[in-house]
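To start, the structure itself, in structure tokens.
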Amino acid sequence: MAGSGTAHLRPVEEAMLRVEELVVDFPIGKSGLKVNAVSSVSVDIKEGETLGVVGESGCGKSTLARAAIQLPPPTSGKVFFEGQDLTQLKGEALRRVRPRMQMIFQDPISSLNPRRKVGDLVGEGLEIWGIGDKESRRKKVDEVLDAVGIDPETARDRRPHEFSGGQCQRISIARAVVTEPKLIICDEPVSALDVSVQAQIINLLQDMKDRYGLTIIFIAHDLAVVKNVSDRVVVMYLGKVCEFGPPDALYEQPVHPYTAALLTAIPVPDPSVRPEDRKVLVGELPSPIAPPSGCRFRTRCPKAQEKCAEEEPVVRELRPGQFGACHFPLEPGEELDFTRVTGQQVTAPA
Amino acid sequence: MSPRRQRKSVTADERFPSAPLDGPLLEVADVKTHFKTARGLVRAVDGVSFSLERGRTLGIVGESGSGKTVLSRSIMGLLPKRNVIREGSVRFEDREISDLSPHEMRQIWGSQMGMVFQDPMTSLNPVMRVGKQITESLLHHLDISKSYADELALALLSSVGIPEPQRRLREYPHQLSGGMRQRVMIAIALACGPKLLFADEPTTALDVTVQAQILDLLQTQQRERFMAMILVTHDLGVVAGRADEIAVMYAGKVVEKAPASVLFTDMKMPYTEALLQSIPKISDKSHTRLRVIGGRPPSLIDPPAGCRFAARCPYVQDKCLDEEPPLLPGSTPGHEFRCWFPVGTPEGRAALERNRAAGIAPPAYEPVIGDGATAPASTTSGGTV
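As you go down the protein sequences, you meet chains A and B in turn. By the count of my numbering, the first sequence reaches residue 350 at its end, each step adding exactly one. By the count of my numbering, the second sequence reaches residue 1385 at its end, each step adding exactly one.
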């Protein structure tokens, strides 16, 4: 996999956020080695769109989103937010952009300060930026709390521990939208929640998007959730883009073998589907310290050839609107047997 | 070391002289587990019964707080004694084990029943090498030498699909990935060849691809060893193709229990229906509005008098608020459910229709499956009332 290249990007002026060839390296102590967490990834989002980012843990999806909002700044690459290159901004200038970009985290309970009252937590952004007077701030807090389905009267003076996980996530959402941001990054916002609460939060995010005109980067490892919320989906593997496209087409007929691998692994709530008949991916993610040459997925890919080791595939349009970084993309309807390739050699059960 | 060894060598065969091979492996009858807390008595598990045959898989599904984990720990006797009230009977191989002391249970843990926990990082000992963690139970239960135990550990590690097992035996848990750690947990649980394996959310902390690998591994091992398994999860997708029977728990009770194929096609309990509908499905178009279950589960300290799902149920009638439905048998053998107005029956449709007419169906939840209608249009179900 390997997905350098910018073929999938739309014209600069159309995108609200445009990330170009972003690289994030984390040095390992003084060893001189580095973890190549995100390697030359380009993505863009139009205003009002939801971009879904999927991949296994360690594929760099959170790092990509965080580097886009300069937390921490990327090692190299460019990030244009509403036409401004964020990587060139420093200090106060960068801080001025921050209220327009907000983040919602995975664990709703630990992402809220347990010692503060809900009203203060939600209104903090307004206070920092000195938006309005005390009375209008209070009104605004009540309005967003009400919008996320929390009764402001009872909630305002309570502390986070008095709320359930789902309610805390609603409060986090209220806190994120209160400064009227343009862009919200949701990093696994529903992974820690029960299925019934998960559905409530997904629907709420959709409502908030419509109400406040938000643009969302939605990171999750659950493919069904990502499909439900996204307008475009990017599939990542080991710091690279594998596939980029509209969710319905991408899930129906993936072009990249890795996307197909992810799709076959999803448990289906249907007892007539026999899970052991599926040919799921074997082995584990290679080390990001010494990633495979060429295409990074080749060690686990049944279609891999010599070319995949020698030459890194570049993102190109393989079907209309559907982009992939693969030398030997999937044909429509083609099925792969992932158990054929052992990757890091997994011994068969004795 | 030596006193323990001697005590152990008398055990294994004597304690389980000739376990009958017919009859269920595990019979759980009216198990209740209540916790004494400052706020009152929490009825975490409130009267659960089921039986499990050898080699079969029971899936227990429920949301957090439904009591599924407490139930499996109650059966295994892993709960603390203080401030816990345990009632009911647990029969393992026709022997009552609910009143055994922890000392007696030690002969059962590991050798007869094993458990795989949710979080492999916190359930492995971080300062003990993987090999030692596996041989620990082997040496406790079986009268074997250290070197033979090491050989067995090596064989176990390779049978659970760990590459380079020789090297891994000498490593510590932090040197392994999440999937590898869960494989080690499985190896530990399987070491002494238990007849029953509890898997408590074994894949919740793992990625989809690894999840599929681990579930496949559990299934192969189960088949090879003819071992019974209780698979506890919140994900209906995980149990769908892997459990023979599924029990759905809600607020400390089993609200529906059925063979897997029946549960998904002919569910009778509105909660099961609602749970299945709230899951985003991969086959749905993107931006499909999800059907949510409004409200929250009831307090387990002071549960409502009638049906525990009544407050969130679109089929709710006055009867549901006053009288608790018993576990009634369904049309298929083995199918049981707790509902006065079951999904897909004339009574159920009539109840739903009445609620719609009165405008009291909970918002944002429109039941569709069960009555054969594909859309929530009230006209289709109206005709059959």
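Quick reminder that beta carbons are idealized off the backbone N, C-alpha and C, glycines included. Nothing here was measured: the structure is a model prediction, and the numbers come from that model.
* Asked: Do Arg1312 (chain B) and Leu1327 (chain B) come within 8 Å of each other at the CB atom, strictly closer than that value?
  -> Going by C-beta atoms, Leu1327 (chain B) is not nearer than 8 Å to Arg1312 (chain B).
* Can you give me the Cβ contacts of Ala304 (chain A) inside the same chain, cut-off strictly under 6 Å, excluding the 5 residues immediately before and after it? => The answer, listed in chain order, is Arg298.
* **Below-8 Å beta-carbon distance, Glu1201 (chain B) vs any chain A residue** => No, Glu1201 (chain B) does not count as interfacial toward chain A.
* Per-residue burial, Val233 (chain A) [other beta carbons within 10 Å of its own, 16 or more giving buried] -> Residue burial is scored here from C-beta neighbours: Val233 (chain A) has at least 16 other C-beta atoms within 10 angstroms and is therefore classed as buried.
* Can you check the region 1187 to 1274 of chain B for any alpha helix (DSSP H) of at least 4 residues that lies completely inside it and give the ranges in chain order? => Qualifying alpha helix (DSSP H) stretches, in chain order: 1208 to 1225, 1236 to 1240 and 1260 to 1265.
* If you draw a straight line from the alpha carbon of Met977 (chain B) to that of Ala1199 (chain B), how long is it in whole angstroms? -> Any answer about residue 977 (chain B) is impossible in this case: the structure gives chain B only from 1001 up to 1385.
* To do: Specify, as a first and last residue, the run of the alpha helix (DSSP H) that Pro247 (chain A) falls within.
  => For Pro247 (chain A), the enclosing alpha helix (DSSP H) covers residues Pro247 to Glu252.
* Leaving out the 5 sequence neighbours to the left and right, which residues in its chain are closer than 6 Å to Pro1120 (chain B) when beta-carbon positions are compared? -> Closer than 6 Å at the Cβ level, and outside the excluded window around Pro1120 (chain B), lie Arg1181, Gln1182 and Met1185.
* Asked: If the cut is a Cβ gap below 7 Å, which residues of chain A does Leu1276 (chain B) touch?
  -> Within 7 Å Cβ-Cβ: Pro269.
* Terminal residues of the beta strand (DSSP E) in which Arg378 (chain A) lies -> No information on residue 378 (chain A) is available, as it lies outside the stretch 1 to 350 that chain A covers here.
* Are the C-beta atoms of Lys1319 (chain B) and some chain A residue less than 8 Å apart? -> Using a CB distance cut-off of 8 Å, Lys1319 (chain B) does not count as an interface residue toward chain A.
* **Closest by C-alpha distance to Arg1095 (chain B), when choosing among B:Arg1225, B:Ile1075 and B:Pro1080** => Of the candidates B:Arg1225, B:Ile1075 and B:Pro1080, the one whose C-alpha sits nearest the C-alpha of Arg1095 (chain B) is B:Ile1075.
* Pro1363 (chain B) CB to nearest chain A CB: under 8 Å? -> With a pLDDT of only 43 at Pro1363 (chain B), under the threshold of 50, the placement of this residue in the model should not be trusted; the figure read from the coordinates follows. Closer than 8 Å: no.
* **Residue-level contact to chain B via CB, Lys227 (chain A), 8 Å cutoff** => Lys227 (chain A) has a beta carbon lying within less than 8 Å of a beta carbon in chain B.
* In angstroms, rounded to a whole number, what distance separates the CA positions of Asp1318 (chain B) and Thr1033 (chain B)? -> So the two alpha carbons sit approximately 29 Å from each other.
* To do: Indicate the three-state DSSP secondary structure (helix, strand or coil) for Gly1114 (chain B) in the structure shown.
  => The three-state reading of DSSP puts Gly1114 (chain B) in strand, counting E and B together.
* Have a look at B:Val1127, B:Leu1142, B:Val1130 and B:Gly1131 and flag the residue whose alpha-carbon is nearest the alpha-carbon of Arg1106 (chain B). => Considering only alpha carbons, the answer is B:Leu1142.
* To do: Select from the region 1197 to 1224 of chain B all residues with a C-beta closer than 8 Å to any C-beta belonging to chain A, and list them in chain order.
  => Those residues of the region 1197 to 1224 of chain B placed with their C-beta closer than 8 Å to a C-beta in chain A are Asp1207, Val1208, Thr1209, Val1210, Gln1211, Ala1212, Gln1213, Leu1215, Asp1216, Leu1217, Gln1219, Thr1220, Gln1221 and Glu1224, ordered along the chain.
* Could one say the Cβ of Lys1068 (chain B) lies closer than 8 Å to chain A's Cβ atoms, at least one of them? -> So no, Lys1068 (chain B) is outside the interface.
* Boundaries (first-last residue) of the alpha helix (DSSP H) holding Gly123 (chain A) -> In this chain, the alpha helix (DSSP H) harbouring Gly123 (chain A) covers Val118 to Ile128.
* **Pairwise C-alpha distance: Asp248 (chain A) and Ile131 (chain A)** => Roughly 41 Å between the two C-alpha positions.
* Asked: Whose Cβ in chain D lies nearer than 7 Å to the Cβ of Ile1085 (chain B)?
  -> This model lacks chain D altogether, as its protein chains are A and B.
* Since I believe Arg175 (chain A) is in contact with Lys117 (chain A) (beta carbons under 8 Å), could you give me their beta-carbon distance rounded to a whole number of angstroms? => Taking 8 Å as the upper bound for CB-CB distance, Lys117 (chain A) and Arg175 (chain A) are not in contact here, some 12 Å apart.
* Considering only C-alpha positions, which residue in the set A:Cys59, A:Glu21 and A:Arg18 is nearest to Ala37 (chain A)? -> When only C-alpha atoms are compared, the closest one is A:Cys59.
* Does the pairing of the region 1066 to 1080 of chain B with the region 1270 to 1284 of chain B give three or more beta-carbon distances under 8 Å? -> At 8 Å Cβ cutoff, the stretches do not touch.
* Are the C-beta atoms of Arg95 (chain A) and some chain B residue less than 8 Å apart? -> No, no contact with chain B.
* So, is the C-beta of Glu284 (chain A) closer than 8 Å to a C-beta in chain B? -> Chain B has a Cβ within less than 8 Å of the Cβ of Glu284 (chain A).
* Asked: Taking Cβ-Cβ distances shorter than 9 Å, what residues in chain A pair up with Ala1310 (chain B)?
  -> In chain A, no part has a C-beta under 9 Å from the C-beta of Ala1310 (chain B); the shortest such distance is about 16 Å.
* **Residue-chain proximity (Leu1025 (chain B), chain A), Cβ-Cβ < 8 Å** => Taking Cβ atoms only, chain A never reaches closer than 8 Å to Leu1025 (chain B), which makes this a no.
* Relative to the alpha-carbon of Tyr1315 (chain B), which residue among B:Pro1259, B:Ile1293 and B:Ala1260 has its alpha-carbon at the smallest distance? -> Of B:Pro1259, B:Ile1293 and B:Ala1260, the residue nearest in Cα terms is B:Ile1293.
* To do: Look at the alpha carbon of Phe81 (chain A) and the alpha carbon of Gln322 (chain A), and state the distance between them as a whole number of angstroms.
  => In a straight line, the C-alpha of Phe81 (chain A) is about 24 Å away from that of Gln322 (chain A).
* Asked: What first and last residue would you give for the alpha helix (DSSP H) that runs through Arg378 (chain A)?
  -> The question about residue 378 (chain A) has no answer here: the residues shown for chain A are numbered 1 through 350.
* In chain B, which residues lie less than 7 Å from Gln200 (chain A) when you measure between Cβ atoms? -> Those within 7 Å of Gln200 (chain A) in chain B are Val1292.
* Asked: Assuming Gly1131 (chain B) contacts Arg1167 (chain B) under a Cβ cut-off of 8 Å, what Cβ separation, rounded to an integer in Å, is found between them?
  -> The pair is not a contact, with the Cβ atoms about 10 Å apart (cut-off 8 Å).
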